[in-house]
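Structure first, then comments.
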Amino acid sequence: MTSIEDQDIPASRASDDLRLLQAPHISAAWCGDELVLLDAITGRYYTLNHVGGRMWQLLATSRSANDLVLCLGAE
655 MTSIEDQDIP ASRASDDLRL LQAPHISAAW CGDELVLLDA ITGRYYTLNH
705 VGGRMWQLLA TSRSANDLVL CLGAE
C-alpha cells in the first residue's frame, strides 16, 4: 500500500484524489451481522461490524474517500 505522500497528493486534497479499493488478497464472508475478512498473505482474520462491512462493500469499486463519506452519511 502506498501513502498519500508516495502518490504526491497534498493531504488537503487526499479525499478527492485518493482512490480506495478492496485489496485483492483479502477474502470476505458475512457471519451473522459481522463481515469476516481473511488476509491471504498474513493468514490473519479480522471482523467488521455492519458499518465496516458496508464500507468493504462500497470498496468493491474504486471510490474516493469523499465519495465513501457521502455514501455512508446518506445511509
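Residues 655 to 729, numbered by the numbering used here, are exactly what the sequence shown covers, in order. Beta carbons are placed, not taken as given, at the ideal position from N, Cα and C, and that holds for glycine.
Those runs of the beta strand (DSSP E) which lie wholly inside the stretch 663-715 and span at least 3 residues: 680-685, 688-693, 699-702
Three or more C-beta pairs below 8 Å linking the stretch 674-685 and the stretch 693-703: yes
Distance between S716 and E688 (C-alpha atoms, nearest Å): As a position in the sequence shown, residue 688 is number 34, starting the count at 1. As a position in the sequence shown, residue 716 is number 62, starting the count at 1. Rounded to the nearest angstrom, the two C-alpha atoms are 23 Å apart.
Close beta carbons around A683, own chain, < 7 Å, minus the five adjacent residues each side: Here residue 683 corresponds to residue number 29 of the sequence shown, with the count starting at 1. A distance below 7 Å between beta-carbons, with the five flanking residues on each side excluded, links A683 to the following residues of its chain, in chain order: V690.
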